[in-house]
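First the structure, in the form of structure tokens, and then the observations on it.
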Amino acid sequence: MKKQTVQIKYKQKPNQIKGNKKYYSSVLIKEKKKEKKKETTKIKLTFQIGDFALLKSHKTQVIQITQIIKEEKQNFVSGRYFIAFNLFKKIYPNAPKIKSKYQNELIEIKESSNLATLQIFKTEKLDKKCKLHFSEKKFLKHKNHYISRFRFLLESNQILLHEILETPQQIAISILETQKTPTANSPRYLLHQGIQTRSQSNKNARIRLFNEVPKKTNSQTNKNSKKRKAKVLFQEKNRKIKSQNEVNSFELAREKLQISSIPETLPCRESEMKQIYSFIKKSVGENLDGRCLYISGMPGTGKTATVHEATTRLQKKSKFPKFLLIQINAAKLQTPQHLYTTLYEKIKNKKIPLTKAPDALANFFGSKNQKEKKQYMILIIDELDLLVTRNQKVVYNLFDWPRIKNSRLSVIGISNTMDLPEKLLPKIQSRLGLVHVSFQPYSREQITQIVSSRLASLNIFSPDAIELGSRKIAAVSGDARRALEVFRRAIEIAQMDQKDQVLMCHVSKAIQEMLVSGYVLAIQNLSLHEKIAISSIVKELNVNGGVFVETSILFQRYLGFCRLYQIESVLIPSFAIILNNLSNSRLILIEGKTFLFQKISLNVDPEDVQNALQEEEPFKNFF
Amino acid sequence: MTEKIPNKKISQKLIQIKKSFNNSTQVPNLLCREEEEKTITNFLKKSYIRLSQKSKKKKIKNLSLFISGLPGTGKSYTVQKSIQKFIQKTNKNPKKYDKKLQIVEMNCMQISDPRSFYQKIFKDLRLQNNTILQQEETEIFYSTDDENMDFEDEMRYLQMKFQKLTTLTPRKITILILDEIDTLSQFRDHQELLYQLFDCASQKNSKSFILLGIANNLEFTDKLLPILFERGANPLTLNFTTYSIDQLSLLIKQRISPIENYEEVFHPQAIELCSRKISKTTGDIRKAFDLCRECANYAIKQKLNCVTFQVMFAMINQLVDPKKSNLIDSLPLQQKIVLASIVLLSKNPNLIFQSEQIPFDSNRKKTKKPKKVEHNLNVNILRNYYISFCKLKKIDSISRQSFIELLDKLEGSGMIKLTQQKKKKSNIWLNKIDLITELDELEFCFSKIPFLEDEFNSNLK
Numbered sequence: 018m019k020k021q022t023v024q025i026k027y028k029q030k031p032n033q034i035k036g037n038k039k040y041y042s043s044v045l046i047k048e049k050k051k052e053k054k055k056e057t058t059k060i061k062l063t064f065q066i067g068d069f070a071l072l073k074s075h076k077t078q079v080i081q082i083t084q085i086i087k088e089e090k091q092n093f094v095s096g097r098y099f100i101a102f103n104l105f106k107k108i109y110p111n112a113p114k115i116k117s118k119y120q121n122e123l124i125e126i127k128e129s130s131n132l133a134t135l136q137i138f139k140t141e142k143l144d145k146k147c148k149l150h151f152s153e154k155k156f157l158k159h160k161n162h163y164i165s166r167f168r169f170l171l172e173s174n175q176i177l178l179h180e181i182l183e184t185p186q187q188i189a190i191s192i193l194e195t196q197k198t199p200t201a202n203s204p205r206y207l208l209h210q211g212i213q214t215r216s217q218s219n220k221n222a223r224i225r226l227f228n229e230v231p232k233k234t235n236s237q238t239n240k241n242s243k244k245r246k247a248k249v250l251f252q253e254k255n256r257k258i259k260s261q262n263e264v265n266s267f268e269l270a271r272e273k274l275q276i277s278s279i280p281e282t283l284p285c286r287e288s289e290m291k292q293i294y295s296f297i298k299k300s301v302g303e304n305l306d307g308r309c310l311y312i313s314g315m316p317g318t319g320k321t322a323t324v325h326e327a328t329t330r331l332q333k334k335s336k337f338p339k340f341l342l343i344q345i346n347a348a349k350l351q352t353p354q355h356l357y358t359t360l361y362e363k364i365k366n367k368k369i370p371l372t373k374a375p376d377a378l379a380n381f382f383g384s385k386n387q388k389e390k391k392q393y394m395i396l397i398i399d400e401l402d403l404l405v406t407r408n409q410k411v412v413y414n415l416f417d418w419p420r421i422k423n424s425r426l427s428v429i430g431i432s433n434t435m436d437l438p439e440k441l442l443p444k445i446q447s448r449l450g451l452v453h454v455s456f457q458p459y460s461r462e463q464i465t466q467i468v469s470s471r472l473a474s475l476n477i478f479s480p481d482a483i484e485l486g487s488r489k490i491a492a493v494s495g496d497a498r499r500a501l502e503v504f505r506r507a508i509e510i511a512q513m514d515q516k517d518q519v520l521m522c523h524v525s526k527a528i529q530e531m532l533v534s535g536y537v538l539a540i541q542n543l544s545l546h547e548k549i550a551i552s553s554i555v556k557e558l559n560v561n562g563g564v565f566v567e568t569s570i571l572f573q574r575y576l577g578f579c580r581l582y583q584i585e586s587v588l589i590p591s592f593a594i595i596l597n598n599l600s601n602s603r604l605i606l607i608e609g610k611t612f613l614f615q616k617i618s619l620n621v622d623p624e625d626v627q628n629a630l631q632e633e634e635p636f637k638n639f640f
Numbered sequence: 012m013t014e015k016i017p018n019k020k021i022s023q024k025l026i027q028i029k030k031s032f033n034n035s036t037q038v039p040n041l042l043c044r045e046e047e048e049k050t051i052t053n054f055l056k057k058s059y060i061r062l063s064q065k066s067k068k069k070k071i072k073n074l075s076l077f078i079s080g081l082p083g084t085g086k087s088y089t090v091q092k093s094i095q096k097f098i099q100k101t102n103k104n105p106k107k108y109d110k111k112l113q114i115v116e117m118n119c120m121q122i123s124d125p126r127s128f129y130q131k132i133f134k135d136l137r138l139q140n141n142t143i144l145q146q147e148e149t150e151i152f153y154s155t156d157d158e159n160m161d162f163e164d165e166m167r168y169l170q171m172k173f174q175k176l177t178t179l180t181p182r183k184i185t186i187l188i189l190d191e192i193d194t195l196s197q198f199r200d201h202q203e204l205l206y207q208l209f210d211c212a213s214q215k216n217s218k219s220f221i222l223l224g225i226a227n228n229l230e231f232t233d234k235l236l237p238i239l240f241e242r243g244a245n246p247l248t249l250n251f252t253t254y255s256i257d258q259l260s261l262l263i264k265q266r267i268s269p270i271e272n273y274e275e276v277f278h279p280q281a282i283e284l285c286s287r288k289i290s291k292t293t294g295d296i297r298k299a300f301d302l303c304r305e306c307a308n309y310a311i312k313q314k315l316n317c318v319t320f321q322v323m324f325a326m327i328n329q330l331v332d333p334k335k336s337n338l339i340d341s342l343p344l345q346q347k348i349v350l351a352s353i354v355l356l357s358k359n360p361n362l363i364f365q366s367e368q369i370p371f372d373s374n375r376k377k378t379k380k381p382k383k384v385e386h387n388l389n390v391n392i393l394r395n396y397y398i399s400f401c402k403l404k405k406i407d408s409i410s411r412q413s414f415i416e417l418l419d420k421l422e423g424s425g426m427i428k429l430t431q432q433k434k435k436k437s438n439i440w441l442n443k444i445d446l447i448t449e450l451d452e453l454e455f456c457f458s459k460i461p462f463l464e465d466e467f468n469s470n471l472k
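Chains A and B supply the protein sequences, listed in that same order. Anchor point for the first sequence: position 194 equals 211 in the working numbering, and the numbering is continuous, going up by one each time. Anchor point for the second sequence: position 219 equals 230 in the working numbering, and the numbering is continuous, going up by one each time.
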């Protein structure tokens, strides 16, 4: 990633271009013009393996490069670039295809450090047939380097997973060791699963992909002497098939619980749906203009999804007059003023400078020209509260346009804050109107309904498990997104346990991971003196009360602790380093500049510290 | 049951009523604003006569009028109507009013910088008199701007042009209407823009130019007028008072009067209630119309025969002053607990001190008695109290991170307000917490919730 150079080599007239990533596309185009006349030119692009992340962020440039390659009919692209490209294609399926000269050959990729060798066979389909080779000696020598390297590979793209599954177990396990708490969706966790499935099967056998259904084998053997063995074999195989099917159903359930997969009908939001539906229907169908609607609600209560559903339903209606639907997310605008330009662009498909946009829009909405029949427009603004500036001009104009006669515009504003209308100026309030729709957080029953409707056909959750999860979520936030995440994680845990069903214990484990802080783990993994320091802060606060401890007093207590348990204490400079480490990991907060009089306060629950250190030797009696 | 099913006629009437309360429906004649209209037309007439120099009597001092009033009191609408009337008058008497009028309307909220303000005026005027232009005017309109000019110079140049324009004696008289004029003073470096506008419309300078400014806030007049007085360019002022109860009900009746026998469908008591409620709170006519429209909507949905007193009452409760009790009921359990502990802490300041003293060990004996009572409730104190409260009720407490998240959500729903302390901005745990909602209302709500009952009932005693 650090090297962002691109080398382009021509066989006939070698040219090297090194430079900033911003320039290379333009340079390439220039080169192309120069070299057009020559018939045989060969471009060799060398990339680092990590470069596809770079490509990801510079989509247009890559497309340009590919176009050049296409136009010049270059089917000769070597090694790393090809891989980077294939990965890139995974990310952007619309990118043009390129062919490699080495299509049926072996491609060797060497990392710049020459530590690892990645061999890819028949690279037509990267994700299925690729292999990583490592020598274990080298691995042990440069363990840390490998681990960091793999982490990067894993995080940057999941496709590489299958390659890494081929590596010796040792590496994978050591990766896992460094990462104790895998998060829900991280590739590291997926890797963990992969290894488990792998360890079941023979070590020498090739790894099976999750979706691959094993072929049925002829298990009928006629020989009597081997009947028993055959039976056992058959049962084992049957079991394998079963477990494979379960894996599939688990995968399916996890896909269905993904946030991005929006169901066709939203359960539990019928009344709000009706309100929004009738609002749009009336403002378009019955020619009532000058209407605004404000929708508020906590995050994850389905505001945006409900509005979407209402609009799509109306758009599908054949008899209903057509209307223009404009959606703008205020969080994506550079400044609130950019609302004008984006709105104008969406209405007229023309770009307009920022200074002229407000006038143009005012003219557009206010034109009294009856002849040109305007389309009905529904403007949906997400995160409306971000548009509120100091003088609130943008919001004023937004709610003033619908009031102009014949503007045929209706505005729907969506935001999290419930009291936004009260914060606005009175003149805007009176234009916004009285009708507000507020989305309440989901209750326990509603969350169970949502989850069970998503998992309609799949019967992998025990009812108790769903009940527990929805209870917990409803008690804290009533956020549907959170609920889906918890259940997804629960499936993963159940998969790890190799159970047929997701039980209560899995769900509670998932909730623990989600809701309970990771501070306990962090404290347990501190060094001895750091532990002593943080526990003496707790003790000090416990005895004397208050929020702060001064460093000098804390040091005294620290020395006392060390004397008591006969541990060699550190001096003030290293104690300062210890405190600094603790504050860098945000376990404590430090205020003030002079060291001895700094005020230190805890940023974790004192109970967490206590729980974390209770079972360790010197701290057992301390609390 | 037969009574409850509404006739088609009635439902049609209700729909008609709903449409008549729409924002953009025009009403033929103005009600309740006759006096204001008269003053505006009088002002226009006098200034017209002054400009056309038919009489040399100086009845009017300056050719500018400043109109102020709260939102929804019909300012813009009255101005529009009276100007229409005045134009009709001039058309009838071409001998007396020999010069033609041209009107430039502008909403100052749509202007992003002072330069575009002038440019817009020029553009408007140019479009209106494209065919007949005097030589001087063409010079002003079509003189090309120097591209290399910087912002300040360009402003000065535009102002020059504008002043020249106002001192000319053209065939037409310009009426400039500026809505929301107070926003012009928000350009920090160009506050004199507003004064120059009024200067141009003053007696000495103006020969073809009348200014009408409209604004909401009355405070603005206090700031602006003394300065203008010094300059000798003080405008006439006209204040729009808020509508009284009778006026509001008259206006509502006027809207629905075209429908026959509207009293059958829309009860007069309901109108009375609506106008009383609105005049008490804001006097905003837009809100009154909104309310009536929603009532009609409600009646159509519920298939009622008519909009009664009860319907209006229900809608007022729902829309104008919604009670927070519903909101509190729908909050998740943990948020309820946190809110309850905030209420308890803010009721008994002694508790604040205690929970500050005892971080988490509730079994420890209380050795010191509180000497000073701090009234500041910060996040740390709340957290300590919350944990002890959870222990008392035997409920799982939530982790620190989600606790902060939860407070953010409560702030979003408008229950509490978090303010940073001046010195310690980085520390979230010292942020001050204030309740925004009414204490009594919250207590009443909590006393109904089963497991919080004891605390609140005992406190009430």
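Where is the CB? At the ideal position from N, CA and C, for every residue including glycine. Note that the structure is a prediction, hence the values are computed from the model and not measured.
What is the DSSP secondary structure of Phe565(A), reduced to helix, strand or coil?
Coil, per DSSP.
Any Cβ of chain B within less than 8 Å of the Cβ of Met315(A)?
It does; some Cβ of chain B falls within 8 Å.
Just to make sure I have the definition right: I need the residues of chain A whose C-beta is within less than 9 Å of the C-beta of Gln345(B). Which are they?
What Gln345(B) touches in chain A: Ala492, Val493, Ser494.
For the structure I just gave you, are there three or more beta carbon pairs, one from the segment 351 to 367 of chain A and one from the segment 323 to 333 of chain A, closer than 8 Å?
Not touching, per the Cβ criterion.
Can you find the residues in the same chain that come closer than 6 Å, C-beta to C-beta, to Lys428(B), ignoring five residues on each side of it along the sequence?
Cβ within range, chain order: Asp445, Ile447.
Specify the secondary structure class of Asn395(B) as computed by DSSP and reduced to three states.
Three-state DSSP puts Asn395(B) in a helix.
Given that a residue counts as buried once 16 or more other Cβ atoms are within 10 Å of its Cβ, and exposed if not, what is Pro125(B)?
The residue is buried, with at least 16 neighbouring Cβ atoms inside 10 Å.
Return the bridge partner residues of Gly430(A) from the DSSP annotation.
Note: Gly430(A) sits in a beta bridge opposite Tyr311(A), Ile398(A).
Going along the chain, which residues of the segment 277 to 306 of chain B sit with their C-beta nearer than 7 Å to a C-beta in chain E?
In the displayed structure, chain E is absent; the protein chains listed are A and B.
Run through DSSP, which three-state label would Leu247(B) get?
In the structure shown, Leu247(B) sits in a strand (DSSP, three-state: E or B).
Assuming the contact rule is C-beta atoms closer than 8 Å, Ile431(A) and Ile397(A) should be a hit. Round their C-beta distance to whole Å, please.
The pair is a contact, with the Cβ atoms about 7 Å apart (cut-off 8 Å).
Looking at C-alpha atoms only, which residue of Glu326(A), Phe337(A), Trp418(A) is the closest neighbour of Phe382(A)?
The shortest C-alpha separation from Phe382(A) is found at Trp418(A).
Does the Cβ-Cβ distance between Glu289(A) and Val454(A) come in under 8 Å?
Yes; because the gap between Cβ atoms is below 8 Å, this pair is in contact.
Provide the residue span of the beta strand (DSSP E) that contains Leu76(B), from first to last.
Note, Leu76(B): beta strand (DSSP E), 75 to 80.
Can a CB atom of chain A be found closer than 8 Å to the CB of Asn227(B)?
Judged by the 8 Å Cβ criterion, Asn227(B) is in contact with chain A.
Any beta carbon of chain A sitting closer than 8 Å to that of Ile256(B)?
Not closer than 8 Å to any Cβ of chain A, the Cβ of Ile256(B) fails to qualify, so no.
Alpha carbon to alpha carbon, what distance is there between Ser341(B) and Pro360(B)?
Whole-angstrom Cα-Cα distance: 28 Å.
Per DSSP, which one or two residues make a beta bridge with Tyr393(A)?
Beta-bridge pairing links Tyr393(A) to Phe340(A).
Excluding the 5 residues preceding and the 5 following Ser357(B) in the sequence, name in chain order all residues of the same chain whose CB lies nearer than 8 Å to its CB.
Around Ser357(B): Leu388, Leu446, Leu450.
With H, G and I counted as helix, E and B as strand and the rest as coil, what does DSSP make of Gly383(A)?
It is helical.
So which residues of chain B does Leu599(A) contact, with C-beta pairs closer than 8 Å?
By Cβ distance, chain B contributes nothing, its closest Cβ being about 15 Å from Leu599(A), past 8 Å.
Please confirm whether Phe320(B) and Ala351(B) have their CB atoms less than 8 Å apart.
No, they are not a contact pair.
What is the residue span of the beta strand (DSSP E) that Ala226(B) lies within?
That run of the beta strand (DSSP E) goes 220 to 226.
Could you pull out every residue in the same chain whose Cβ sits closer than 8 Å to the Cβ of Gln409(A), ignoring the five residues on either side in sequence?
Excluding residues within five positions, the ones whose Cβ falls inside 8 Å are Leu441, Leu442, Ile445.
Within 10 angstroms of the Cβ of Met435(A), are there 16 or more other Cβ atoms? Answer buried if so, exposed if not.
Result: buried.
Are the C-beta of Gln170(B) and some C-beta of chain A separated by less than 8 Å?
Not an interface residue.
Report the rounded CA-to-CA distance for Pro458(A) versus Leu302(B), giving the unit in angstroms.
Distance between the alpha carbons of Pro458(A) and Leu302(B): 27 Å.
Pick from Leu475(A), Ile570(A), Ile490(A), Leu451(A): whose alpha carbon is nearest that of Glu557(A)?
Checking every option, the nearest Cα to that of Glu557(A) belongs to Ile570(A).
Just the Cα atoms here: how many angstroms apart are Asp372(B) and Pro316(A)?
Because the pLDDT of Asp372(B) is 42, which lies under 50, any placement of that residue in the model is unreliable, and the question is left without a value.
Rounding to the nearest angstrom, what Cα-Cα distance links Ile78(B) and Ile225(B) in this structure?
Rounded to the nearest angstrom, the two C-alpha atoms are 5 Å apart.
Is the beta carbon of Ile364(A) less than 8 Å from the beta carbon of Leu356(A)?
In this structure, Leu356(A) does not lie closer than 8 Å to Ile364(A) by Cβ.
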